[in-house]
Amino acid sequence: MENTSMKKVTLAGTDAWSVTSGINGQEYRVQIYQPSGKVPASGFPIIYTLDGNSTFAMTAEMMRIQSLRPEKTGVAPAIVVSIGYNAEALFPPKRHYDFTMPAPEKDLPKIPFGRPLPEQGGALDFMSFVEDQLKPLVESRYSVDSSRQMIVGHSLGGLFVLHMLFVRPHSFHTYIAGSPSIHWNAMYLRQQEQKWLEEVSKGRTKLNTRVLIAVGELEGNLKVPMIRNAEEQVERLSKLEEFGVQVAYQAFEAENHMSIVPVLINRALRFNGWAEEESNESKK
Numbered sequence: 000m001e002n003t004s005m006k007k008v009t010l011a012g013t014d015a016w017s018v019t020s021g022i023n024g025q026e027y028r029v030q031i032y033q034p035s036g037k038v039p040a041s042g043f044p045i046i047y048t049l050d051g052n053s054t055f056a057m058t059a060e061m062m063r064i065q066s067l068r069p070e071k072t073g074v075a076p077a078i079v080v081s082i083g084y085n086a087e088a089l090f091p092p093k094r095h096y097d098f099t100m101p102a103p104e105k106d107l108p109k110i111p112f113g114r115p116l117p118e119q120g121g122a123l124d125f126m127s128f129v130e131d132q133l134k135p136l137v138e139s140r141y142s143v144d145s146s147r148q149m150i151v152g153h154s155l156g157g158l159f160v161l162h163m164l165f166v167r168p169h170s171f172h173t174y175i176a177g178s179p180s181i182h183w184n185a186m187y188l189r190q191q192e193q194k195w196l197e198e199v200s201k202g203r204t205k206l207n208t209r210v211l212i213a214v215g216e217l218e219g220n221l222k223v224p225m226i227r228n229a230e231e232q233v234e235r236l237s238k239l240e241e242f243g244v245q246v247a248y249q250a251f252e253a254e255n256h257m258s259i260v261p262v263l264i265n266r267a268l269r270f271n272g273w274a275e276e277e278s279n280e281s282k283k
């Protein structure tokens with residue numbers, strides 16, 4: 000009989016925490032990857048990813064591989080922090096509560112096959128958890144460059160990223176919204192956008208913000224207007240360049256609502272421009 004042994008697989012350079020929110024009482028699975036090698040004088044850039052149950056491993060490995068040669072790949076070494084749940088499901092129902100704003104049930108999409116609608120409306124509490132509890136906790140244990148922070152979300156997570164841009168525009172330097180479910184909280188999102196636009200256009204809010212909104216080309220086949228909503232959102236935000244908001248739009252060829260996730264993350268790692276900034280800094 001062949002002599003074999005089995006060991007559990009672990010990802011290099013990673014830690015896992017269980018963190019209970021002091022705001023909503025929810026317990027979160029927080030997974031963190033820190034690059035090996037010398038820590039920059041200003042600290043590492045940092046990327047927060049939502050839906051950590053499904054996104055952490057691929058994001059950490061993409062970062063680990065590509066940041067070996069940032070001058071070639073355009074990917075600067077950065078800390079990756081994923082926020083997920085203590086569950087085996089890739090997309091636990093609790094994400095619905097954390098990623099959505101309050102809305103009357105009549106205004107929400109119908110769930111297929113008559114399934115009950117998960118609890119909604121906890122996005123403001125989740126924002127407070129991320130900004131006021133989790134980020135200080137991470138920064139107390141890792142060397143973080145607080146001027147270079149990114150958040151990445153997909154689907155309802157993409158909707159949450161847009162909400163956070165409008166409600167807490169100074170929380171991150173870069174906002175990545177993949178296939179954002181704008182239709183889910185369309186009215187509330189537009190209200191928050193209008194308030195934010197007023198602050199920005201009157202010069203009350205000074206920004207240095209990058210935004211990427213992306214969809215898969217095949218999402219044009221969905222019943223909801225995923226692509227049109229994203230394009231209209233980009234069109235409105237594109238008018239704010241003079242106020243420090245840089246917006247990009249990408250429709251990934253031959254990708255659908257789920258297959259977009261890895262290509263979105265891969266694009267996000269290079270979208271921030273951190274590798275170029277570090278290269279320019281080293282030449283001074």
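Each step along the sequence shown adds one to the number in numbering that gives the first Met the number 0, with nothing skipped, and position 14 is 13. Don't be surprised by glycine CBs; every beta carbon is placed ideally from N, CA and C.
According to DSSP, residues forming a beta bridge with residue 149 | 46 and 173
Closest by C-alpha distance to residue 75, when choosing among 139, 25, 233 and 35 | 35
Nearest-angstrom Cα distance between residue 188 and residue 222?
-> 20 angstroms
Sufficient close CB pairs (3 or more, under 8 angstroms) joining the region 20-36 to the region 63-80 | yes
Among 240, 215 and 239, the one whose alpha carbon lies nearest that of residue 228 = 215
Residue from 134, 231, 84 and 177 whose Cα sits closest to the Cα of residue 45 = 134
Which one or two residues does DSSP pair with residue 16 in a beta bridge?
-> 29
If you compare alpha carbons, which of 92, 145, 205 and 191 is closest to residue 156?
-> 92
What does DSSP give as the partner residues of residue 211 in its beta bridges?
-> 175 and 247
For residue 81, the three-state DSSP class (helix, strand or coil) = strand
Check whether the Cβ atoms of residue 73 and residue 250 sit closer than 8 angstroms, and answer yes or no.
-> no
Measure from the alpha carbon of residue 178 to the alpha carbon of each residue in 5, 61, 27 and 224, then state which is nearest.
-> 224
Could you spell out the range, first to last residue, of the alpha helix (DSSP H) harbouring residue 139?
-> 134-140
If we count the other Cβ atoms within 10 Å of its Cβ and call it buried at 16 or more, is residue 153 buried or exposed?
-> buried
Go ahead and pull the three-state DSSP assignment for residue 143.
-> strand
How long is the line joining the alpha carbons of residue 139 and residue 219, rounded to whole angstroms?
-> 44 angstroms
C-beta contact flag for residue 176 and residue 161 at 8 angstroms | yes
Counted within 10 angstroms of its Cβ, other Cβ atoms place residue 252 as buried (16 or more) or exposed | exposed
Span separating the alpha-carbon of residue 232 from that of residue 27 = 30 angstroms
Go to residue 114, then tell me how far its alpha helix (DSSP H) extends in each direction, as first and last residue.
-> Residue 114 -> no alpha helix (DSSP H), and no H or E assigned at all.
Under 7 angstroms Cβ to Cβ from residue 59, same chain only, skipping five residues before and after it: list those, please.
-> 10, 13, 32 and 79
Within its chain, find whatever has a CB closer than 6 angstroms to the CB of residue 16; leave out the 5 residues flanking it on each side and keep chain order.
-> 29
Three-state secondary structure (DSSP) of residue 64 | helix
Expressed to the nearest angstrom, what Euclidean distance is found between the alpha-carbon atoms of residue 52 and residue 202?
-> 39 angstroms
Three-state secondary structure (DSSP) at residue 58?
-> helix
What's the call for residue 257, buried or exposed, on a 16-neighbour Cβ count within 10 Å?
-> exposed
To the nearest angstrom, how far is it from the Cα of residue 118 to the Cα of residue 94?
-> 9 angstroms
Proximity to residue 292 [Cα-Cα], best of 129, 182 and 141 = This structure cannot settle anything about residue 292, because the visible part of the chain is limited to 0 through 283.
CA-CA distance, residue 43 and residue 37?
-> 10 angstroms
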